[in-house]
Each structure stands twice: as structure tokens, then as C-alpha cells.
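Novice: This is the structure I have questions about; it appears just below.
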């Protein structure tokens with residue numbers, strides 16, 4: 000996911016990263032990414048004698064939908080709690096683009112963004128990127144989003160998945176279209 004984000008230009012000046020409240024690793028990765036991007040852009044600005052230092056990011060936290068080892072039954076309630084936070088956050092921030100990846104924390108965010116998009120309160124493009132580890136079938140999060148049609152695009156990493164999920168976009172096809 001961060002590899003994809005690294006290639007974004009300044010089109011998305013304000014970026015909001017939504018992570019589970021117990022996820023410290025992702026928060027650290029985002030901070031490192033922005034530190035490295037800031038250095039890279041500062042060097043380019045010096046070379047071109049102009050500065051674009053208006054890019055901002057915020058890390059927002061919502062409750063985790065499902066803890067590792069938590070039963071599916073009890074995860075219904077924790078997911079509903081997570082949805083409550085996601086709906087408030089999406090309504091408050093009104094994103095143009097929601098870029099998601101698993102695990103389950105993305106489901107409440109996708110539900111909220113899709114809901115506000117359906118009722119035309121927010122015009123949002125929703126994209127889910129499946130994990131590179133998923134070679135033969137989608138993850139539970141990916142399958143939920145694919146079969147419910149809640150995302151505008153579902154990006155997969157392996158051609159085998161394209162055969163099983165024809166509406167998905169194979170990452171190499173996506174890269175070829177964007178160049």
C-alpha cells in the first residue's frame with residue numbers, strides 16, 4: 000500500500016491514514032514514509048528552486064474490527080463499534096479517495112464511504128488493494144468488498160486471481176493503463 004502511495008503526486012495534499020487503535024507498526028511506517036518523502040521532495044525543490052511543502056498527513060485511529068483469534072460471532076459487535084467510529088470519521092473528513100487494504104479494519108471504513116457515496120452526500124472513489132500474499136483466493140475483507148460491490152476498484156497482485164474474480168484489476172494491467 001505504501002509503495003502505491005509513494006507514487007502519488009501533490010494532487011492529494013491532505014492525506015488521512017485510518018488505522019486500528021492497537022496498530023503501532025502502521026503508524027510508524029506512515030511516519031517514516033513521510034520523513035523520506037519530505038527529504039526527497041526537499042532535494043528536488045532545491046534543485047528546481049521551488050518548494051512544495053504543503054503536503055500534510057494525519058493518522059486517525061478507530062477500534063479494531065476483529066482481534067486475532069476473536070470468534071466471528073463476537074467480531075460482529077466489535078465491527079459495529081468500529082463502524083460507529085468510521086461513519087463519524089468519513090462524514091467529518093469527506094474524502095475524495097478512499098484507498099483500502101486489509102485486514103478487517105478496512106470494512107467499516109468501506110461501509111461508511113460507500114454509504115455516503117450511495118446517498119450522494121460525499122462523492123468518493125473507493126479502491127481496495129488485496130495483499131500480495133493472496134495468490135489463489137481473496138482475503139475475507141477482499142471477498143466481502145468484491146461480492147457486495149462496495150468498491151469502485153479491487154486491485155489484485157496475481158494473474159491467477161483475475162481468472163477467479165474477473166471484475167478485479169490485475170496490478171500489472173493497472174500500471175500499464177496509468178503509464
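Residue numbers (our numbering): 0 to 178. We put the CB at the ideal spot given by N, CA and C, even for glycine. Please read all numbers here as calculations on a predicted model, not as lab measurements.
What are the start and end residues of each continuous alpha helix (DSSP H) run of 4 or more residues lying completely inside the segment 151-177, in chain order?
Specialist: With a minimum length of 4 residues, the continuous alpha helix (DSSP H) runs that stay inside the segment 151-177 are 158-163, 170-177.
Novice: Based on the DSSP secondary-structure assignment, which residues constitute the bridge partners of residue 149?
Specialist: Bridge partners of residue 149: none, in fact.
Novice: Below 8 Å, can you find three or more Cβ-Cβ pairs linking the segment 99-116 to the segment 72-84?
Specialist: Yes: the two stretches touch, three or more of their Cβ pairs being nearer than 8 Å.
Novice: Residue 89 and residue 58 look like a contact to me (Cβ under 8 Å); what is the Cβ gap, rounded to whole Å?
Specialist: Not a contact, Cβ separation roughly 15 Å.
Novice: Quick check: the Cα distance between residue 117 and residue 15, rounded to an integer number of angstroms?
Specialist: Those two C-alpha atoms are separated by around 21 Å.
Novice: Residue 126 to residue 148, Cα distance in whole Å?
Specialist: If you take the alpha carbons of residue 126 and residue 148, they lie about 11 Å apart.
Novice: Measure the beta-carbon distance from residue 137 to residue 160 and round it to whole angstroms, keeping in mind my assumption that it falls under 8 Å.
Specialist: Contact flag correct, Cβ pair sits at about 7 Å.
Novice: Given this structure, state the Cα-to-Cα distance separating residue 18 from residue 71, to the nearest angstrom.
Specialist: For residue 18 and residue 71, the distance between alpha carbons rounds to 21 Å.
Novice: Please list, in chain order, all residues of the same chain as residue 122 whose beta carbon is under 8 Å from its beta carbon, the five residues on each side excluded.
Specialist: 95, 116.
Novice: Taking the C-alpha atoms as reference points, what is the distance between residue 82 and residue 99?
Specialist: Residue 82 and residue 99: Cα-Cα distance of roughly 15 Å.
Novice: Are the Cβ atoms of residue 86 and residue 111 separated by less than 7 Å?
Specialist: Against a cut-off of 7 Å, the Cβ pair of residue 111 and residue 86 comes out as a contact.
Novice: In the structure shown, what three-state DSSP assignment does residue 87 receive?
Specialist: Helix at residue 87.
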